[in-house]
Amino acid sequence: MKNLHKLLLGALCMGVAMSATGAERTLKVTDRYMVVPVSHKFDRVRLKVAIPGLEDMPVVVRIPQDGKAEYYTFRDMSAHKGKKITITYPDGLKGIDLITFKPEIPDEASIYHEPNRPQMHFTTRRGWINDPNGLVYYDGEYHLFYQHNPYERDWENMTWGHAVSKDLVHWQELPTAIHPDSLGTIFSGSAVIDYRNTSGFGKKDKPAMVAFYTIETGGKGQKQGMAYSLDNGRTFTKYAHNPIIDSTDKWQTNDTRDPRVFPYGDHWVMVLNERDGHSIYRSDNLRDWTFVSHTTGFWECPDLFPLPVDGNEANPLWVMWGASGTYMIGRFDGEKFTPLSGKHRFAGGSLYATQTYNNTPDGRRIAIAWGRQGHPGENFNGQMLIPTELSLRTTKDGVRLVSKPVAEFEAIAKPVGSWKNLTQDQANEILAKQADTTKPLRIRAKMRLSHATDAFLELNGRRVIDYDLNQTRLNGYHYSPQDPTSMELTADVYVDRTSTEAFFDGGLFSDSQERDMKRGSSTPRFGGNRITIEELDIYTLPSIWEK
């Protein structure tokens, strides 16, 4: 054994060795980025990356066996410069020598300028993203964590990616925040600022940012974990006694995920999706949690928050929702949610996994959702939808949720022109001249029907607006206007390179769709049974990536 140990040490010094689990390659971190080649021509393989001082990190990648990378992904290794890392890989795997260190991201100059890069929606520089996680405001920054595969444009290697913004419009992508470990990969969750240091993680004059997430154990059930940061979310330390909740025995299911934590009075509340709905847990210290109640009827990505009705702070109600854009309205006493109405729908289309911000400085309830859209031909996948502000409004049907783009986003729109009382043909002539949909665009319109059926706005072969008053359907969903006999519909449409978002009647309903610029006409066109465009406003928007 001693001679074998010496042999292995000697081989490691040369950079390559054999191990009981496969071959090993040792590399010195010489530059900022560890660059990993990707080729979708080859099957995935599992690597283990050992970094001194950190737990071994499992990584699933598509290494090009022929030496020809389709594109490169990367990991920021600034914190480990000068250290030696060890990569364990399947014996006989070719192409492992293509993993190198570089001072810059390959093709960095082209990032944010690619043909199918959204210009008003957040996307990651490389790789896959889905659910927004850990939305919290702290020290002048809106934090956006998100489900992320840093090593490929398809789903895998779930980690928490990280970006920050000062205005909810322009985003700076930061290094990946929370990585997989021996317990499992890092699924969705939330974050809070522990100002009272109930967790004990904070320091004098520095509260901890505490993140909660689901640990996907790979067939052994989903459990809940937490980690904390003392440097504004740049790095996290995982709690030594994870998991903090293991509810697989209680519910006899592996589907227990997406912890949503927030303060309530003198204690903390966690809403956790379990089996057929959302469970409520409570804690005094963020470490120890007690189950107190359960509400059926939702799937994944819970949220629970209060909103004043019609702006009256003395009359708040609570909103509970799941991942799909449906919600209930009710009351909450800190332990139990009691529904009063629902389920209702506030959004449709590609929206999924919406989460709202904790700790906003002005008390606004701000939401961000994952837009399930691809970007053909690009090395990234998925996007976030436009940040929206939520409110509750009394309608003819009762109190309903309203969602509209945050004021910061509306403020960047630059007017092109405003027109009134147009025929369908007149409006289309204006759109053909004024609406350049190769750049970010906003179209506001009030449409009046002459018949009870078929009024639409079409773009690239899709109906961005598709309204049938007779069938009471809007973009495929049941929708009844506030005046049941009204022949009018208002819409606020945002057009990006690979998607559209439309907000109807002041935000009572919204819809998001994928856009393929190679399909159909890229000129917006109104159509229907001789509709009238009573109001038409066109705006341009600057790219959110402009400095």
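If you read the sequence shown in our numbering, its first letter stands for residue 1324, the second for the next number, and so on.
From the three backbone atoms N, C-alpha and C, an ideal C-beta is built for every residue, glycine too.
In this text the structure is predicted, and so the values were computed from the model without any measurement.
- Looking at A1775, H1466, V1816, the one whose alpha-carbon comes closest to that of V1487 is H1466.
- Between V1584 and F1524, the beta carbon gap of about 14 angstroms keeps them out of contact (Cβ cut-off 8 angstroms).
- When the five nearest sequence neighbours on each side are left out, the beta carbons in the same chain lying within less than 7 angstroms of the beta carbon of E1437 are those of E1701, in order along the chain.
- K1417 sits exposed, since fewer than 16 C-beta atoms from the chains shown fall within 10 Å of its C-beta.
- Listed in chain order, the non-local C-beta contacts of G1544 below 6 angstroms within the same chain comprise T1571, N1577, local neighbours out to five positions each way being set aside.
- Going by DSSP, F1628 is part of the beta strand (DSSP E) stretching over 1626 to 1632.
- Contact annotation: E1347 and T1423 have beta-carbon atoms that are not nearer than 7 angstroms.
- Looking at the DSSP output, A1373 sits in a beta bridge with T1409.
- With the rule of 3 Cβ pairs closer than 8 angstroms, the stretch 1685 to 1692 counts as touching the stretch 1454 to 1471.
- Looking at the DSSP output, V1459 bridges to H1466, N1681.
- By the Cβ criterion, the stretch 1583 to 1597 is in contact with the stretch 1656 to 1669, since at least three pairs of Cβ atoms, one from each stretch, lie closer than 8 angstroms.
- For the pair N1608 and T1521, the CB atoms are nearer than the 7 angstroms cut-off.
- L1663 counts as exposed, since fewer than 16 other beta carbons sit within 10 angstroms of its beta carbon.
- Every unbroken stretch of the alpha helix (DSSP H) spanning 4 or more residues and falling wholly within the stretch 1685 to 1756 is given here in chain order: 1730 to 1734.
- For G1541, the three-state secondary structure derived from DSSP is coil.
- Proximity to S1741 across A1758, P1865, P1728, A1730 peaks at A1758, based on C-alpha coordinates.
- Proximity of the stretch 1611 to 1629 to the stretch 1436 to 1453 falls short of the contact definition, fewer than three beta-carbon pairs being nearer than 8 angstroms.
- For T1846, the secondary structure class from DSSP, reduced to helix, strand or coil, is coil.
- Nearest C-alpha to A1392 among E1475, V1372, V1632: E1475.
- Rounded to whole angstroms, the separation of the alpha carbons of Q1388 and C1624 is 38 angstroms.
- Per the DSSP secondary-structure output, P1381 pairs in a beta bridge with K1371.
- When the five nearest sequence neighbours on each side are left out, the beta carbons in the same chain lying within less than 8 angstroms of the beta carbon of T1718 are those of Q1805, L1831, in order along the chain.
- Distances from the alpha-carbon of S1552 to those of R1580, V1515, T1540 put V1515 closest.
- The C-alpha of S1606 is placed about 35 angstroms away from the C-alpha of D1399.
- Straight through space, the alpha carbons of M1707 and R1785 are spaced by roughly 21 angstroms.
- In this structure, the alpha-carbon of R1723 lies about 20 angstroms from that of Y1680.
- Rounded to the nearest whole angstrom, the CA to CA distance from M1532 to N1783 is 44 angstroms.
- By the Cβ criterion, the stretch 1645 to 1655 is in contact with the stretch 1663 to 1676, since at least three pairs of Cβ atoms, one from each stretch, lie closer than 8 angstroms.
- By alpha-carbon distance to G1405, the top candidate from D1420, V1382, K1371, R1355 is R1355.
- Runs of the beta strand (DSSP E) lying entirely within the stretch 1590 to 1665, each at least 3 residues long, are 1590 to 1597, 1600 to 1606, 1613 to 1619, 1626 to 1632, 1635 to 1644, 1649 to 1655 in chain order.
- The alpha-carbon of K1546 is positioned some 20 angstroms away from that of T1618.
- Around the C-beta of D1834, 16 or more other C-beta atoms lie within 10 Å, and the residue is accordingly described as buried.
- Counting C-beta atoms within 10 angstroms of its own C-beta, K1561 has 16 or more neighbours from the protein chains shown and is therefore classed as buried.
- Residue nearest to F1510 within the set K1743, I1538, E1781 is I1538 (criterion: CA-CA distance).
- Taking 8 angstroms as the upper bound for CB-CB distance, V1368 and M1380 are not in contact here, some 15 angstroms apart.
- Here Q1747 is buried: its Cβ has 16 or more other Cβ atoms, across all protein chains shown, within 10 Å.
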